Each structure stands twice: as C-alpha cells, then as structure tokens.
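This report concerns only the one structure given below.
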Amino acid sequence: MSNRIKCFKSLIVYTTMEQNYLIPNPAPTVPDQERELAILFLDIRNFTPLMEAQPGQTVIQVVRRLFTTFNQVVKNFGGRVVEVAGDSLYVVFGLQTGLKESVDHAYQAAKVMFQTVSLFNEAYTEPFYGGPLEIGVGLHAGKVFVGEFGLDNGPQLSVMGLPVNIASRLQAKTKELDNDLIISEYAYQLLSGDKAVVRHETVKLQGISQGQQVRLAGKSYSARQNMDYLMAISG
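This is the structure we're talking about:
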C-alpha cells in the first residue's frame, strides 16, 4: 500500500503502511508584520576542543554564563534574543526603533560582546579551563516578517526572511575568511558616524544565489593565535 495524504479543514492525515499521522494546521494567529530590522548571529569558536578537554557539564555552565552576559548586553542596546541553539545566538535589533538606529545598536552590542569575551577569557576560561573562547559574528539588515509562533511551549517571537538567512551565512563565513566580524555592505552603509575603514569583499554564501558585498570589520583568528604563540615562547 502506498503512502497517502488526505486534507481536511483543520488537519492533514498522512497515511503510511504502519501508521496514520495527524498534522494539524497552525492555529489562527495575528498576521506577521513586515519590519526592517538588524539581524545578528553569533557562534562560539573553540567550543568542540573545550568539550573534549573538559567535562561536558563544566563547558555547558561556562557557555551559559557567557550567554547570560550576552543577553544583558543585547537588552542594554534594545535588542532581543530570538533563539539560543547550542553554542549559537540569533538576535534582532529594531523592534522598537528605526533601521539606522537598530544597525548602530547591533554593531555597538557586537563590540561589547567581543570585549566581554576577552574579559571572560582572562577571568575564567584561560586560568581555569585551559584556553580562550572566541566568537564569530555576522551582521545584516533588511525586511523580515515578525510574528509569534510556537509548538509545545506557546507562542514565541518569530523573525523570518532572506535577511535572516544571509546574516546566518555571514556568521558561518567568519571562519573561512579568517575574520571574526563580517558586516553586509548594506548594514555597513547604514552605520552612522565615522565608519572604520575595513576591507571590502564580494563573497558567495551557501544557499544564496547572488554574491554578497561585505565588510571584514573584525580581527583575524590566525593573527590572534600567532600572537598567543609569540607571547608564550617569549615567556
């Protein structure tokens, strides 16, 4: 017997040889609103080696402590954490402000989070856990759909759209391009004040058909590692 799908008003019945699966349609909610937001994705580097070197529960507590601080930084700049997934954060800015201000806030928050990691490494990870943590950040801006959606835990903030995918891919690109902060050209041009002169590149992002103009606004991972090595051998 082949698989069959039957559609009803409030649910879909998916029939296999073994079992029927009831797939309810989403409950009616307030329609998503189109908004222009700044989107930031952050990922912790050196997480896997730390997991290999230290007990898993210890590493989890380290990351949770760091993310708690990040969340406070985000809130201080008017942002909101949309999702925490393992060693990654997904954050938006601009739910209460205009686009230019939200990009400025996202950029400033990113700089504070880098400073936080540096202080955190000095106080905790290097003396107690054997090595520093690093982060990679991707920052973009654009029109997205904002609403609420949830499964078992009730409605939660939902922000979806192509700019979200691009911001996520920019974060993933930080390791390949050896730069810990990548900002889309669009977001970079929205920054107010005197912008730092940073390298411009056109990059291909996974799953995105068009090349993206970006700014490499951070620091090199390899340069930092080489500096650590030079400091170590110098005594």
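In the numbering used here, each residue carries its 1-based index in the sequence shown increased by 6.
Note that beta-carbon positions come from the ideal geometry of N, C-alpha and C, so glycine has one too.
Since this is a predicted model, take the numbers as computed values, not measurements.
Backbone CA spacing between residue i and residue j [nearest angstrom]
i: M119; j: L168; result: 25 Å
i: D38; j: G62; result: 39 Å
i: I50; j: V69; result: 9 Å
i: K179; j: S124; result: 21 Å
i: Y151; j: P133; result: With the sequence shown as reference, residue 151 is identified as Phe, and Tyr is not the correct amino acid for it. Approximately 44 Å, taken between the alpha carbons.
i: Y192; j: R175; result: 15 Å
i: F47; j: H146; result: 9 Å
i: G84; j: N77; result: 11 Å
i: K201; j: S164; result: 31 Å
i: R41; j: A129; result: 40 Å
i: S215; j: H111; result: 29 Å
i: L72; j: S226; result: 22 Å
i: T75; j: F155; result: 26 Å
i: D186; j: R221; result: 11 Å
i: Q212; j: R86; result: 26 Å
i: Q60; j: N127; result: 15 Å
Opposing strand residues paired with residue i [DSSP bridges]
i: A91; result: S94
i: A59; result: In DSSP, A59 forms no bridge with anything.
i: D49; result: S94 and G142
i: A223; result: Note: A223 sits in no beta bridge, so no partner.
i: R86; result: V98
i: Q39; result: V152
Candidates the options: closest to residue i by CA position
i: Q195; options: N127, L105 and A115; result: L105
i: A223; options: L163, G148 and Y113; result: Y113
i: N52; options: Q212, S94 and Q78; result: S94
i: V170; options: R86, V97 and F155; result: V97
i: V203; options: T75, R41, I189 and F126; result: I189
i: G153; options: M166, G160 and G144; result: M166
i: T54; options: N159, S164, G92 and S226; result: G92
i: I66; options: R41, K81, E40 and T131; result: T131
i: G148; options: G100, E58 and E182; result: G100
i: I172; options: Q60, K210, V90 and V109; result: K210
i: S108; options: G142, T75 and S198; result: S198
i: G142; options: R86, M57 and Q177; result: Q177
i: E182; options: Q162, G160 and G144; result: G144
i: V79; options: T122, P161 and N127; result: T122
i: Q162; options: E58, V90, Q60 and N82; result: V90
Buried versus exposed call for residue i [16 or more other C-beta atoms within 10 Å across all chains shown]
i: L157; result: exposed
i: P138; result: buried
i: H206; result: exposed
i: D184; result: exposed
i: E140; result: buried
i: V88; result: buried
i: A116; result: buried
i: A44; result: buried
i: Q218; result: buried
Proximity test, Cβ basis, 8 Å: residue i and chain D
i: F120; result: Although the question refers to chain D, the structure presented lacks it and comprises just one protein chain.
Quiz prompt | Complete runs of the alpha helix (DSSP H) confined to the region 105-170 [at least 4 residues] | solution = 105-126 and 132-135
Self-check item: Sequence ranges, beta strand (DSSP E) only - wholly within the region 170-209, length at least 3
Solution: 187-190 and 205-209
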